[in-house]
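First up is the structure itself, then whatever we jot down about it.
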Amino acid sequence: MPRPKQAAIAGVYTTKQGKLPDRTSFSLQLEAIKGACDDAGIPVEEVDGIIPLSMSDHLPGTTATQFWAAQLGERPLGLMETGGASGALAKAALAIENGMCEVVVLFYGKAGSRVGPRGTAATDRAPRVPDWSFYQSGAYMTTWYALWAQRYMHEFGVTHADLAEVAVFTRHHATLNPDSIMGRKGEITVQDVLDSRPICEPLNLLDCSLDNDGGYAIVMTSAERARSARTKPVWVLGGAESTYTDFYTTINDPWFPEEGKAVRRAADRAFEISGIGRDEIDVAGLYDCFTITTIRDLEEMGFCKLGEGAEYVKEGHCRLGGSMPTNTDGGLLSNSHAGDPAGMHTIEVVRQLRGECGERQVPGARIGVSLQQGWAVHGMAGVLVMAAD
Amino acid sequence: MSYRKPLPQIEPANQTFWDGLAQGEFRVPRCTNCGHYNWVPFPACRSCLSEDQEWTAVSGEATVWSFSVVHRGPGAFDDDVPYAVVLAKLAEEPRGCIVIGNTVGIDPADLYIGMPLRIVYEAIEGEDVTVFRFAAADAAQPDDADAALSVENQPATVA
Ligand SMILES: [Zn+2]
Chain E
38 MPRPKQAAIA GVYTTKQGKL PDRTSFSLQL EAIKGACDDA GIPVEEVDGI
88 IPLSMSDHLP GTTATQFWAA QLGERPLGLM ETGGASGALA KAALAIENGM
138 CEVVVLFYGK AGSRVGPRGT AATDRAPRVP DWSFYQSGAY MTTWYALWAQ
188 RYMHEFGVTH ADLAEVAVFT RHHATLNPDS IMGRKGEITV QDVLDSRPIC
238 EPLNLLDCSL DNDGGYAIVM TSAERARSAR TKPVWVLGGA ESTYTDFYTT
288 INDPWFPEEG KAVRRAADRA FEISGIGRDE IDVAGLYDCF TITTIRDLEE
338 MGFCKLGEGA EYVKEGHCRL GGSMPTNTDG GLLSNSHAGD PAGMHTIEVV
388 RQLRGECGER QVPGARIGVS LQQGWAVHGM AGVLVMAAD
Chain B
130 MSYRKPLPQI EPANQTFWDG LAQGEFRVPR CTNCGHYNWV PFPACRSCLS
180 EDQEWTAVSG EATVWSFSVV HRGPGAFDDD VPYAVVLAKL AEEPRGCIVI
230 GNTVGIDPAD LYIGMPLRIV YEAIEGEDVT VFRFAAADAA QPDDADAALS
280 VENQPATVA
């Protein structure tokens, strides 16, 4: 039995994604806030809750929430939340339902810096980092996910070609998304992924998400306001979040326990709270920073059993036309990955539930789910279940 | 050429660990209440929450638990590609310790999950730090002359 509809996503917006040398992170964030409010038909002056997904670099030492409260008109705001996108949005819905605030905007924007290995310059002397930092071993995020992939492949007899299937279907989706960065480069094959240059074995270039600039925002409001908003409301049926932080330093054996970790906990709670069964999901947005991530998402979310994620992908469930089209915008692998893209999957699900997706539209999509995760794989996870009227 | 890769900004609480490396010991906090090892070190035991932990030298025996051969390195590491990053599981139990690190003397192509390793130590020239690496368990021990050289290269004062 789905939960009553009390809060809805009323506005979404994405700035141009790609190399944006003439933009600043701040201007992308402001553009995204204005854009999402405009999409909702709600004036920025009525925002009374904010979820900035990054620190402010304007005044060192101030929190991003304080900075934005001042920037957006020096009005006292009723909600300040940080952390993962889907989880934070789930809490924002509860805050709106309970009268803490009425209009919440979640936003992110990044320009001019890189998150991959090229973002680290060589120095004349040994830089100093925290005691257990993996930077001392020349590891970075891709390395950590590569270690995860290697162990996973070993335990479950999965091959690199199996992982590559994820890059192939997400690229296919990107070719149907005119705003995606990689869509115009056309379809890729499993062999293309295997032939792309190695970054951190077993992950090759086409197993990795993009590293680009961009911004986005999501506006959520009460049922009453959402009904009179400019666009079709996308109802928040429920969501949950979970944290389990290993700080990119160590993990426990097993890395793939039967009972799951943060994503499993968030997913179980989100489906329970929302009153929606996994088989009712028409469209999914699952965090896909690397090909291995999508496969593990499917298992941890409970769409298939542990060790069967690759098989699930090969059966075509995630592809447009399949039982649960996933990452229909091309995902982080082929659409956009700007700094912290935690909210991008929610935006695509909202657009699907509104029926705005053109060639990549999932016909009749009514119920969707977004998963955001990150921080050493299990560090932070959030799941949001949404529905159209 | 000086060492240009990241080194630890040693926290006072962890000084014993880094001192241990300089003495050829890999020390892991072990809970005196429940006996569990805890890696990475935390202020209290993650099994029983006791703050009573003792830095305990482990055997240095480990096995490859996972590994990656890196082809694009950050900063100064890019001069060394391809190089290996391993997650090595120490022999000690309970509460197995999985430690991230680099290898020495191992062709990355020879790595496999389950490969026996041992911890070796390398004093960094011109710096106040000794680091650890993972060598193949059956690799020759460094000879005494090499060890003496490493000690000589240690700065006189250790910050
Ligand atoms: Zn204990």
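Those protein sequence lines, which keep their order, are chains E and B. For the first sequence, my numbering assigns the number 38 to the initial residue and increments by one for each residue that follows. For the second sequence, my numbering assigns the number 130 to the initial residue and increments by one for each residue that follows. Quick reminder that beta carbons are idealized off the backbone N, C-alpha and C, glycines included. Quick caveat, the model's predicted, so the values are computed rather than measured.
C-beta neighbour in chain E for B:Y250, strict 8 Å: no
Have a look at the DSSP bridge pairing and note the partners of E:L242. E:L242 is not bridged to any residue.
Looking only at C-alpha atoms, which of E:S360, E:I384, E:A77, E:M117 sits nearest to E:G367? E:I384
Who are the Cβ neighbours of E:R302 in its own chain at under 7 Å, not counting the five residues just before and after it? S279
For a contact defined as C-beta to C-beta under 9 Å, what are the partners of B:G225 on chain E? N289, D290
Going along chain B, which residues have a C-beta under 8 Å from E:C237? Simply S197, V198, V199, H200, R201, V214.
Min CB distance B:A191 to chain E below 8 Å: no
What I want to know is whether the C-beta of B:C177 ends up closer than 7 Å to one or more non-hydrogen atoms of ligand 3. Looking at this structure, you won't find ligand 3 anywhere; what it does contain is ligand 1.
Check E:Q173 in the structure and name its three-state DSSP category. helix
Using 8 Å as the threshold, is the segment 138-155 of chain E in touch with the segment 101-117 of chain E, meaning 3 or more CB pairs across them? yes
With DSSP as the reference, please indicate the residues paired to B:N231 in a beta bridge. B:V214
Closer than 8 Å at the beta carbon, the chain B residues around E:S170: P135, P137
For a cutoff of 8 Å on Cβ pairs, would you count B:E221 as touching chain D? In the displayed structure, chain D is absent; the protein chains listed are E and B.
Could you pull the start and end residues of the alpha helix (DSSP H) that E:M381 belongs to? 381-391
Short-range partners of chain B found in the segment 102-132 of chain E, where Cβ spacing is below 9 Å: none
Do E:A148 and E:L65 come within 8 Å of each other at the CB atom, strictly closer than that value? yes
Does the Cβ of E:N289 lie closer than 7 Å to at least one heavy atom of ligand 1? No, the Cβ of E:N289 stays beyond 7 Å of every heavy atom of ligand 1.
Rounded to the nearest angstrom, what separates B:T232 and B:V214 at their Cα positions? A straight-line Cα-Cα distance of about 7 Å links B:T232 and B:V214.
Using alpha carbons as the reference points, say which of E:H382, E:L357, E:A425, E:G358 lies closest to E:L369. E:H382
With a threshold of 7 Å (Cβ to nearest heavy atom), would B:C160 be considered close to ligand 1? yes
Distance, E:D76 Cα to B:L136 Cα: Take the alpha-carbon of B:L136 and the one of E:D76: they are about 48 Å apart.
Can you tell me which of the three DSSP states E:W185 falls into? helix
Anyone know if the C-beta pair for E:M338 and E:V300 falls short of 8 Å? Their beta carbons are under 8 Å apart, which means E:M338 touches E:V300 by this criterion.
Could you check whether E:N289 and E:L323 sit closer than 8 Å to each other, using their CB atoms as the reference points? no
Quick check: E:L408 and E:V399, are their CB atoms within less than 8 Å of each other? No, the pair does not count as a contact, with Cβ atoms beyond the cut-off.
Going by C-alpha distance, which of B:S131, B:A265, B:V169 is nearest B:C226? B:C226 has its Cα closest to that of B:V169, out of B:S131, B:A265, B:V169.
So the alpha helix (DSSP H) E:K56 belongs to, where does it begin and stop? Note, E:K56: premise wrong, no alpha helix (DSSP H); not H, not E.
For E:L109, tell me which candidate among E:L126, E:I87, E:A130 has the shortest Cα-Cα distance. E:I87
With hydrogens ignored, establish whether the beta-carbon of E:H191 is closer than 7 Å to any heavy atom of ligand 1. no
Check whether the Cβ atoms of E:E118 and E:G252 lie closer than 8 Å to each other. no
Is there a Cβ of chain B sitting closer than 8 Å to that of E:A163, yes or no? The Cβ of E:A163 sits closer than 8 Å to at least one Cβ of chain B.
Return the CA-CA distance between E:A321 and E:R356, expressed in angstroms with no decimal places. Taking C-alpha positions only, E:A321 is separated from E:R356 by approximately 11 Å.
Go to E:K128, then tell me how far its alpha helix (DSSP H) extends in each direction, as first and last residue. 122-134
With H, G and I counted as helix, E and B as strand and the rest as coil, what does DSSP make of B:N282? Low local confidence applies: a pLDDT of 38 at B:N282 is under 50, so the model's placement there is unreliable, and no value is given.
Please give me, in chain order, every unbroken run of the alpha helix (DSSP H) with length at least 4 that falls completely inside the segment 228-286 of chain E. 260-264
DSSP state of B:D273, grouped into three classes? Note that B:D273 has pLDDT 45, beneath the 50 cutoff, so the model's placement of it is unreliable and the number below is only indicative. Helix.
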